[in-house]
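Engineer:
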Amino acid sequence: MGLYVWKYGYRKILEPWAEKFAWLDPDIVSYAALIISGFTAGCYVLAAEYPVLLLLAILLIFTRMTMNTIDGVMAIQQGKTTLAGEIVNALPDRYADVVLLLGLVYCPFCRQDLAIFAMGTVFLVSYTGMLGKAIGVSWQHHGPLGKVERLILLMVFTLIQLFSPALSFLGFSLSPLSWCMVFYIILGQITVFNRLRGQLREVCLKEWPASRERQAVAGRALVVYDSQTGNTKIIAERIASTLSVKCCSVKEPFDDRLYDLAIFCTPNIRGNCTARMVEFLKKTPPRFNYYGIVVSYGAPLWGWPTAVKTGWSVASRLGGRPLKCFLVKGYHAKFKTYKGRPNRADQDKAAVFAVSVARKMIKRSAYEQ
Ligand SMILES: Cc1cc2nc3c(=O)[nH]c(=O)nc-3n(C[C@H](O)[C@H](O)[C@H](O)COP(=O)(O)O)c2cc1C
8 MGLYVWKYGY RKILEPWAEK FAWLDPDIVS YAALIISGFT AGCYVLAAEY PVLLLLAILL
68 IFTRMTMNTI DGVMAIQQGK TTLAGEIVNA LPDRYADVVL LLGLVYCPFC RQDLAIFAMG
128 TVFLVSYTGM LGKAIGVSWQ HHGPLGKVER LILLMVFTLI QLFSPALSFL GFSLSPLSWC
188 MVFYIILGQI TVFNRLRGQL REVCLKEWPA SRERQAVAGR ALVVYDSQTG NTKIIAERIA
248 STLSVKCCSV KEPFDDRLYD LAIFCTPNIR GNCTARMVEF LKKTPPRFNY YGIVVSYGAP
308 LWGWPTAVKT GWSVASRLGG RPLKCFLVKG YHAKFKTYKG RPNRADQDKA AVFAVSVARK
368 MIKRSAYEQ
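The opening residue of the sequence shown carries number 8 in my numbering; numbering runs sequentially from there.
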């Protein structure tokens, strides 16, 4: 979860102010934010002669953040949420990023090569975010270096720059603003990766229903689950509905000779599957050619490693190797951890897992024939 979600809280605070400026066109605010970025860049360029300008730069960055938030609120209040408005919302913002980073390229406190790389990275972050819209999925906002995060990072490092000309880390000594650019490059690349992964997930789910693979797997697969408080059931049902296959509880009898692929879903109970699932696997050693495993867990910190152990214990009972394993957080009714999980994003990940297990099975069975 990025700081992007905080924007919604800040929006609430700005709502009464947006009402006061109801006479003002939100597009003007968007363009004014670009001008503010120009002034911020100027502050960085002249900071060696007038270091106090770094303080002004922080103030201007915060002003730009506020303007970038309030323009959207004003557009909603004034009923001006048009497609053209979206362009005005996005394009000056990208220009503002370029202008701001140009200021850092020419800032005597910042290493020029790092600022240039950072500028390229920031542009790629925005590009990959919007690429989703271009290919018909959603605009991607996640990742550690969204706009809010990068502006906050810049404000923090600008403040440090005021008091300390150099910072040493891992044997490297750079100015705080140069370190900020290093963070932009590293976190930016992680963000690009995150956003592309999010897009690929959505694309996968969008293309799957009409795919030949879906038809090939229907009737050949089965989802078997156990669930005490409902979390694992939610995930099992989503997997089954994605693959259009039968979903049954361990309590129900079924003929395992009919299926090539089974996906076993269990909660993590102290590093093992449920007693019912253990009994089920013991009593009727299933004869599936291929299988996948899902474990939902609810404990903090040790939840994930013990869920891995649970996955291994299911695999060791079934023999062979699972095609894939999926671990998902689920609300722990005793500890009250992970409230609201599995949420929609978890269910979407489960659906993507289902698709990749099915694809793997189809590939393997074609290879083995
Ligand atoms: C008796 C009990 C023991 C549990 N032990 C663990 C545990 O050792 N580690 C863990 O991560 N979660 C543990 N959990 C949490 C569950 O694995 C988690 O909430 C899971 O999503 C529950 O799935 P269900 O709603 O399908 O039953 C435990 C839950 C219960 C009720």
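Built from N, CA and C at the ideal position, the CB exists for glycine as well. None of these values were measured; they are calculated from a predicted model.
#1: From what residue to what residue does the alpha helix (DSSP H) around F190 run?
#2: Grouping DSSP H, G and I as helix and E and B as strand, with all else coil, what is V230?
#3: Helix, strand or coil: which one does DSSP assign to F271?
#4: Would you check if the distance between the CB atom of L325 and the CB atom of Y266 is smaller than 8 Å?
#5: Quick one: what's got a C-beta closer than 6 Å to V106's C-beta in the same chain, skipping five residues either side?
#6: Compute the beta-carbon to beta-carbon distance between V132 and V210, rounded to the nearest angstrom, for a pair I have assumed lies under 8 Å.
#7: Using a Cβ-Cβ cut-off of 7 Å (strictly less than) and excluding sequence neighbours within five positions of S37, which residues of its own chain qualify?
#8: Leaving out five residues on either side along the sequence, give the residues of the same chain with a beta carbon under 6 Å from the beta carbon of T88.
#9: Beta carbon of Y338: closer than 7 Å to some heavy atom of ligand 1?
#10: Going straight from the alpha carbon of G153 to that of E375, what length do you get?
#11: Kindly indicate which three-state DSSP category S171 falls into: helix, strand or coil?
#12: Do you know offhand how far R221's Cα is from I193's?
#13: Below 8 Å on the Cβ atoms is my contact criterion, and I expect T135 with R202 to pass it. Report the Cβ-Cβ distance as a whole number of Å.
#14: Which same chain residues, not among the five before or five after G150, have their C-beta less than 6 Å away from its C-beta?
#15: Here's a check: name, in chain order, each residue in its chain whose Cβ is nearer than 8 Å to the Cβ of R118, leaving out the five neighbours to either side.
#16: Put F124 into one of helix, strand or coil per three-state DSSP.
#17: Leaving out five residues on either side along the sequence, give the residues of the same chain with a beta carbon under 6 Å from the beta carbon of A357.
#18: State yes or no: is the C-beta of Q354 nearer than 7 Å to some heavy atom of ligand 2?
#19: Pick helix, strand or coil for G347, following the three-state DSSP scheme.
#20: Rank R71, Q168, V231 by C-alpha distance to the C-alpha of L158 and give the top, closest one.
#21: In chain order, what residues of the same chain lie with their CB nearer than 7 Å to the CB of G205, ignoring the 5 residues before and after it?
#22: Within 10 angstroms of its Cβ, does Y15 collect 16 or more other Cβ (buried), or is it exposed?
#23: For S372 and chain D, any beta-carbon pair shorter than 8 Å?
#24: Would you mind sorting E286 into buried or exposed? The rule is 16 or more other CB atoms within 10 Å of its CB.
#25: When every heavy atom of ligand 1 is checked, does at least one fall within less than 7 Å of the C-beta of A306?
#26: Going by beta carbon distance, what residues of the same chain come within less than 7 Å of A39, once the five residues before and after it are set aside?
#27: Beta-carbon within less than 8 Å of G178's beta-carbon, same chain only, minus the 5 sequence neighbours each way: which residues are those?
#28: Examine ligand 1 and report whether any of its heavy atoms sits within less than 7 Å of the Cβ of A282.
#29: If you follow the beta strand (DSSP E) that F333 is in, where does it begin and where does it stop?
#30: Counting along the chain, where does the alpha helix (DSSP H) carrying S44 start and finish?
#31: What is the residue span of the beta strand (DSSP E) that K240 lies within?
#32: Can you give the Cα-Cα distance for A173 and D104, rounded to whole angstroms?
#33: Secondary structure at V302, three-state DSSP: helix, strand or coil?
#34: Is any heavy atom in ligand 1 found nearer than 7 Å to the beta carbon of I159?
#35: Identify the residues that DSSP records as bridge partners of Y297: which are they?
Structural biologist: For this structure:
#1: On the sequence shown, position 183 is the one that residue 190 refers to. Residues 183–214.
#2: Along the sequence shown, one-based indexing puts residue 230 at 223. Note: V230 maps to strand in three-state DSSP.
#3: Numbered from 1 along the sequence shown, position 264 holds the residue referred to as residue 271. It is a strand residue.
#4: Taking the first residue of the sequence shown as position 1, residue 325 is located at position 318. Taking the first residue of the sequence shown as position 1, residue 266 is located at position 259. Cβ atoms of L325 and Y266: not closer than 8 Å.
#5: What you label residue 106 is simply residue 99 of the sequence shown in a count that begins at 1. Contacts found: S44, G45, A48.
#6: Position 125 of the sequence shown, counting from 1, holds the residue named residue 132. Position 203 of the sequence shown, counting from 1, holds the residue named residue 210. Contact annotation, V132 with V210: C-beta distance approximately 19 Å; criterion of less than 8 Å not satisfied.
#7: As a position in the sequence shown, residue 37 is number 30, starting the count at 1. Excluding five sequence positions before and after S37, the CB atoms of its chain that fall closer than 7 Å to its own CB belong to D78, V95, N96, P99, given in chain order.
#8: Mapped onto the sequence shown, residue 88 falls at position 81. So the list reads A82, once near-sequence residues are dropped.
#9: As a working mapping, residue 338 is identified with position 331 in the sequence shown. Yes - ligand 1 has a heavy atom lying nearer than 7 Å to the Cβ of Y338.
#10: Residue 153 sits at position 146 when you count from the first residue of the sequence shown. Residue 375 sits at position 368 when you count from the first residue of the sequence shown. Their Cα atoms are separated by approximately 45 Å.
#11: Start at 1 with the first residue of the sequence shown, and residue 171 comes out as number 164. S171 sits in coil when the DSSP states are folded into three classes, being neither helix nor strand.
#12: Within the sequence shown, the letter at position 214 stands for residue 221. Within the sequence shown, the letter at position 186 stands for residue 193. Rounded to whole angstroms, the separation of the alpha carbons of I193 and R221 is 38 Å.
#13: The residue you call residue 135 lines up with position 128 of the sequence shown. The residue you call residue 202 lines up with position 195 of the sequence shown. Indeed, because the Cβ distance is near 4 Å, the residues count as touching under 8 Å.
#14: Taking the sequence shown and counting its residues from 1, the one referred to as residue 150 is at position 143. In the same chain as G150, and ignoring 5 residues on each side of it, the C-beta atoms closer than 6 Å to its own belong to T198, N201, R202, in chain order.
#15: Here residue 118 is taken as the residue at index 111 of the sequence shown, counted from 1. By the criterion of a C-beta distance shorter than 8 Å, R118 is surrounded in its chain by L181, S182, S185, M188, once the five residues flanking it on both sides are discounted.
#16: As a working mapping, residue 124 is identified with position 117 in the sequence shown. For F124, the three-state secondary structure derived from DSSP is helix.
#17: Mapped onto the sequence shown, residue 357 falls at position 350. Result list for A357: I242, R245, I246, in chain order.
#18: Within the structure as shown, ligand 2 is missing, the only ligands being ligand 1.
#19: Translated into positions along the sequence shown, residue 347 becomes position 340. Coil.
#20: If you number the sequence shown from 1, residue 158 lands on position 151. When the alpha-carbon of L158 is set against those of R71, Q168, V231, the nearest one is in R71.
#21: For the purposes of this step, residue 205 is taken as the residue at position 198 of the sequence shown. Closer than 7 Å at Cβ, skipping near neighbours: Q147, H149.
#22: Taking the sequence shown and counting its residues from 1, one reaches residue 15 at position 8. The residue is exposed, with fewer than 16 neighbouring Cβ atoms inside 10 Å.
#23: Annotation note: the requested chain D is absent from the structure, which comprises a single protein chain.
#24: Stepping through the sequence shown from its first residue, residue 286 is reached at position 279. E286 is exposed by the Cβ-count criterion.
#25: For the purposes of this step, residue 306 is taken as residue 299 along the sequence shown, with counting starting at 1. A306 Cβ: within cutoff of ligand 1.
#26: Mapped onto the sequence shown, residue 39 falls at position 32. Here the set comprises M74.
#27: Indexing the sequence shown from 1 puts residue 178 at position 171. Cβ neighbours of G178 within its own chain (closer than 8 Å, five residues either side excluded): none.
#28: Counting from 1 along the sequence shown, the entry for residue 282 is found at position 275. No; taking the cut-off as 7 Å, the Cβ of A282 has no heavy atom of ligand 1 nearer than that.
#29: Residue numbering aside, residue 333 sits at position 326 when the sequence shown is read from its first letter. Counting along the chain, the beta strand (DSSP E) containing F333 begins and ends at 332–336.
#30: Translated into positions along the sequence shown, residue 44 becomes position 37. Here the alpha helix (DSSP H) through S44 covers 33–52.
#31: Reading the sequence shown from its first residue, position 233 is the one you call residue 240. Note, K240: premise wrong, no beta strand (DSSP E); alpha helix (DSSP H) at 238–250.
#32: What you label residue 173 is simply residue 166 of the sequence shown in a count that begins at 1. What you label residue 104 is simply residue 97 of the sequence shown in a count that begins at 1. So the alpha carbons of these two residues sit roughly 25 Å apart.
#33: Here residue 302 refers to the residue found at position 295 of the sequence shown. In this structure, V302 counts as strand in the three-state DSSP scheme.
#34: For the purposes of this step, residue 159 is taken as residue 152 along the sequence shown, with counting starting at 1. Answer for I159: no, Cβ out of range of ligand 1.
#35: For the purposes of this step, residue 297 is taken as the residue at position 290 of the sequence shown. The beta-bridge partner set that DSSP reports for Y297 consists of L268.
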